[in-house]
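Asker: Okay, here's the structure, questions in a sec.
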Amino acid sequence: MERSVRLKSFELVARDINDADVELLHALSISVGWPHRPKDWDFLRRVGRGLVAVDGIGRVFGSAMWFPHGDDFATIGVVITTPRAQAQGGGRWLMEQVLEQCGDRNLALNATHAAYPLYVSLGFTTEAIVYMRQGEVPQTLSTMPALDGELQAQSMDGLEEITALDARAFGTNRERLLALLSAGATICTLSRGGEIVGYSMRREFGRGHVIGPIVARNDEDAVHLTAVHLRDLSGRFVRVDTREKDGMFAEFLQQSGLGVAETVTTMSKGRRFLNRETGESWIYGLAGHALS
Ligand SMILES: CC(C)(COP(=O)(O)OP(=O)(O)OC[C@H]1O[C@@H](n2cnc3c(N)ncnc32)[C@H](O)[C@@H]1OP(=O)(O)O)[C@@H](O)C(=O)NCCC(=O)NCCS
């Protein structure tokens, strides 16, 4: 005869995410099938703030983080509840605390299908779809449009000009994030007439590399700013998160082996987050799912 027992439910307490063992955070993200390595968690903890839900012996059952940019804006990410603790109010409890910590900042996030109803109920509204494209880069890339301008490898010295360009595309100055990203990234810029008109970064993440942010004025520029990294990564696993559904840039990614693996929804609370203007620079590739 099969024997069974119902154990008493246990209590979870909120702790600062910086007090959690990175291996436990890693186990948490693995439990929901996410690719973050311990290094990626460490990076997120350098960039942002957040909390974990732990039990009496320090096991981690959930996380939620926020990434401030200045005093009036933040993105939210890595909201996770371990599968055996889901659908019991833990996700909402973590989010309510993050919202409290964010104060009256304007907010943006990229919601998975699982989290979408939770964010709607917390007052977030839908702005766009993000296509999470990933795959192995082929040996040769498809035919490229003509290059208008000059591509250059960029050291951290040129970060000031990049940050100003990025702020126009992103809508908020994210100087600190870009400085932290650039420390472990390969950076490329596109210049025309002595002015930087686009840039892209690539860094190691998860199963391979992420190319992002990619900031450009048009599809052609975005293709070149991405191809410059893809050429160095043939045969490797690459991910690009983009809000471009179709058009030259999306087609180029598709032909470069980066198919759509999943979609998430960009949502905001407070002022509208995405404000694209014709002819102005635009975020073609996100810094990361949690970072927008
Ligand atoms: C999204 C996630 C964090 C939600 O955590 P959770 O602890 O299950 O959330 P809660 O129990 O607080 O539920 C919050 C809301 O989600 C919805 N929900 C949760 N579980 C559900 C289920 N099994 N079926 C339908 N809706 C569900 C409900 O709308 C619920 O609202 P309610 O409080 O009015 O009932 C969790 O599912 C998760 O970690 N998923 C994998 C990682 C992920 O996608 N993270 C989101 C990143 S943006």
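Numbering (the UniProt record's numbering), first residue to last: 1 to 292. All C-beta atoms in this analysis are idealised placements derived from N, C-alpha and C, irrespective of residue type, glycine included.
(1) I need the straight-line Cα distance from Glu23 to Asp246, nearest angstrom please.
(2) Are the beta-carbon atoms of Val79 and Ala27 separated by less than 8 Å?
(3) Pick out the complete alpha helix (DSSP H) segments inside the stretch 7–95, 4 residues or longer, and give them in chain order.
(4) Cβ of Ser234 versus every heavy atom of ligand 1: is any distance shorter than 7 Å?
(5) Could you name the residues that DSSP lists as bridge partners for Arg203?
(6) Who are the near neighbours of Arg272 in its chain, counting only those whose CB is closer than 8 Å to its CB and skipping five residues on each side?
(7) Sorted by chain position, which residues of the same chain lie with C-beta nearer than 6 Å to Gln139's C-beta, five sequence neighbours on each side aside?
(8) What's the gap between the Cα of Leu51 and the Cα of Asp42?
(9) If you draw a straight line from the C-alpha of Val5 to the C-alpha of Arg84, how long is it?
(10) Terminal residues of the continuous beta strand (DSSP E) containing Met267?
(11) Confirm, please, whether the CB-CB distance from His229 to Ser200 is below 8 Å.
(12) Using beta-carbon positions only, say whether Ala169 and Ser281 come within less than 8 Å of one another.
(13) Taking the runs of the beta strand (DSSP E) that are 3 residues or longer, which of them lie wholly in the stretch 209–247?
(14) Starting from Arg174, trace the beta strand (DSSP E) in both directions and tell me its first and last residue.
(15) Does DSSP put Gln154 in a helix, a strand or coil?
(16) Between the Cα of Leu225 and the Cα atoms of Gly285, Gly158, Leu274, Arg276, which residue gives the shortest distance?
(17) Determine the contact status of Leu190 and Ala287, defining contact as a CB-CB distance below 8 Å.
(18) I need the DSSP call for Ser4, collapsed to helix, strand or coil.
(19) Determine the extent of the beta strand (DSSP E) in which Ser191 is found, giving its start and end residues.
(20) Are Arg207 and Phe237 touching if we call contact CB-CB under 8 Å?
(21) Below 8 Å on the Cβ atoms is my guess for Leu25 versus Ala64; work out the distance and round it to an integer in Å.
(22) Near Pro35, which residues of its chain fall below 6 Å by C-beta distance, leaving aside the five closest residues on each side in sequence?
(23) Please work out which residues of its chain come closer than 7 Å, Cβ to Cβ, to Phe73, disregarding the five sequence neighbours upstream and downstream, and give them in chain order.
(24) Provide the residue(s) that pair with Thr125 in DSSP beta bridges, ordered along the chain.
(25) Can you give me the C-alpha to C-alpha distance between Ala164 and Phe61, rounded to a whole angstrom?
(26) Taking Cβ to Cβ, would you say Arg49 is nearer than 8 Å to Gln97?
(27) Spatial neighbours of Gly70 within its chain, please: CB distance less than 7 Å, with the 5 preceding and 5 following residues excluded, ordered by chain position.
(28) Are there 16 or more other CB atoms within 10 angstroms of the CB of Pro117, so buried, or fewer, so exposed?
Answerer: With the given structure in hand:
(1) 39 Å
(2) no
(3) 22–31, 38–47
(4) no
(5) Val210
(6) Glu127
(7) Ser234
(8) 14 Å
(9) 16 Å
(10) 259–269
(11) yes
(12) yes
(13) 237–242
(14) No beta strand (DSSP E) contains Arg174, which DSSP labels as neither H nor E.
(15) strand
(16) Gly285
(17) no
(18) coil
(19) 186–192
(20) yes
(21) Contact flag wrong, Cβ pair sits at about 12 Å.
(22) Gly206, Arg207
(23) Arg105, Asn106, Thr172
(24) Ser268
(25) 39 Å
(26) no
(27) Thr172, Asn173
(28) exposed
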